[in-house]
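Step one of this worksheet: look at the structure below.
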Amino acid sequence: MKRFGLSKSERIKKKNEISRVFNSGKRIYSNSRKLKAIFCFGEDDSGTIKIVPAVYKKTGNAVWRNRVKRLFRESYRLNKNILIDIIDEKTLLLMISPNSINKKKYPHIVLNDVQDDVIDLLDKIKNQILTQREKTGNL
RNA sequence: AUCGCAAGCUGGGCAAUUGCUACUUCUGAGUUUACUCAUGGAGUAGAGGAAAGUCCGAACUCCAAAGAACAGAGUGCCGGGUAACUCCCGGGGGUUAUAAAAUUAAUUUUGUAACUACGGAAAGUGCAACAGAAAAUAUACUUUCUCAGUGUAUCGAGAUAAAGGUGAAAUGGCAGGGUAAGAGCCUACCGCUUUGUUAGUAAUAACAGAGGUCCGUAAGGAGUUCCAUUAAUUUGGAAUCAGUGCAAACCCCACUUGGAGCAAGGUCAUGUAAAGGAUACUCUGCAUGCAGAGUAAAGUUGUUCGCUUUAUUAAUCCCGGGUAGACCGCUUGAUUCUGAUAGUAAUAUCAGGGCUAGAUAAAUAAUUGCCGUUCCAAUUUAUUGGAAUACAAGAUUCGGCUUAUAGGCUUGCGAUAUCA
RNA sequence: GCGUCCGUAGCUCAGCUGGAUAGAGCACCAGAUUUCGGCUCUGGGGGUCGAGGGUACGAAUCCUUCCGGGCGUA
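Counting along the first sequence from 1, when you hit position 110 you're at 551 in my numbering, and nothing is skipped either side.
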């Protein structure tokens, strides 16, 4: 796996994986409430992280939505080493989507507007996974 | 030079690092030796003028073939262009505004600009609120005029549709004659209808004639206006230059039109699963399960006709279950650029050159530096600092239309200022 | 992607074969009743008929272009 790459195998491509994240995933919000993330563990044992950016249709027009998705992907690509170390067997499925931001508030959105929130979300996910693993280990 | 309007064009540039998609190629691995897989390397390419809205038109695919009739839908001045069009180009008519000329005024003519779904209202049906006497079969409120009566300013009988008033709209307009008063009742001009000639492919335009009553070159016969109706102008029936507007009301006429759409459609893989149900009825012939006929059902994406199918291990459909994968379709095309020729133009033809995204929870990005363009502030007057840099992103592909759009460039027209 | 339907008062809807004050229920306001409140009765306010353009004497209604929203479709 490239240290700063984001190839096809690191993205969610299948429809049933998307619906699995939506139905059984756990939701967390960033500290500034700008973004939210949904994550869960998949069934296969590839030992990778798969992400997908999801933007609701009402947040802006196609140009803005495309740009936000690219910014999510870029900021994850630069900071994905936070989560790589703790993944051992199960595939981690992760969806990032905007919570309170839309085109009216940020007509010209740039990377620094979302990168800190993405780092915040990745840290929270890391902590939750580690605490859950400790509980199961104790039991 | 500035400002405004209209039309057309353009839609920031260069570099570095990291990353994504497709293709080519190298390296490595696996084997079926030409395919697959890589934390691999290198190279090339990677959103628009509207990609948008999905408002029209096609290509392409399937529905047996794409057949007939009707219904339905669409289009609607004329000609041309095109694969086709609710598109484009050219021409004509109309409406509105404005300027000039004619003119006592109203109006007319000419020019310019904008708009124009612009076939038929005399095939038929329907609608026309309020107001008004009367709204499509016309009719008579106030007048005006005649006659008769008398109480001399009113009533009665009749004539009239010019004037007033209503309305969006009142049976052509206006002037003169005529008359008791009036009326195409008659006349001139305008308008309208129609015939011919000329120009034009045509829409149409220009010119000449005819048509509102006098006799005829048309068959009808005589005058004039209206309805009934008869003791009276006396027989008959309406008419002879328009009987309003609305067809983006129904409709009529002419032309066009089968339906569905790339989630079309095809191949492969996975999989319930050799699962279950349905595929009818009647008659005739015989060799007793075949043939023929009829009904019925299903399909033919509105209806009818026509056509196809209706059983013995096969096919079709229904129900239930499963997969929501891969590949083809998928990008060389009514293609684009340059030049020549034809044409007023849209466009067409010819010659030469170019290849320019094919993604699929969906690639074309992020950061930084330098330079552009516009605005603001500061001053060292050409520098510094700050801000802004639009609308918006393919999803089978083309031709249009519509809508959004910072800034810049070109051309034309108009206004203002300055100089010669 | 393709195909379809709908926008009327704060809310839910009528009116849409053109005709003038756009109507009903709930909600709101005022008055009456009540010691007060509710129920009830009486009265009132509130609409650029999603936006622009056109046809027509006249448009919520007909035509057309946009804007917003819903539904269906393998």
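Where is the CB? At the ideal position from N, CA and C, for every residue including glycine.
On a predicted model such as this, the values are computed, not experimentally measured, just so you know.
Comparing alpha-carbon positions, the option among S448, P539, V493 lying closest to V462 turns out to be V493. DSSP places I492 within a strand segment (E or B) once states are collapsed to three.
In the DSSP assignment, R468 falls within the unbroken beta strand (DSSP E) covering 467-470. The beta carbon of K498 is closer than 8 Å to those of R506 in its chain, skipping five residues each way along the sequence.
The three-state secondary structure of R452, taken from DSSP, is strand. Taking a contact to require three or more Cβ pairs closer than 8 Å, the segment 445-460 and the segment 538-555 do not qualify as touching. Distance between L519 and F482, taken at the CA atoms: about 22 Å. Taken through DSSP and simplified to helix, strand or coil, S460 comes out as helix.
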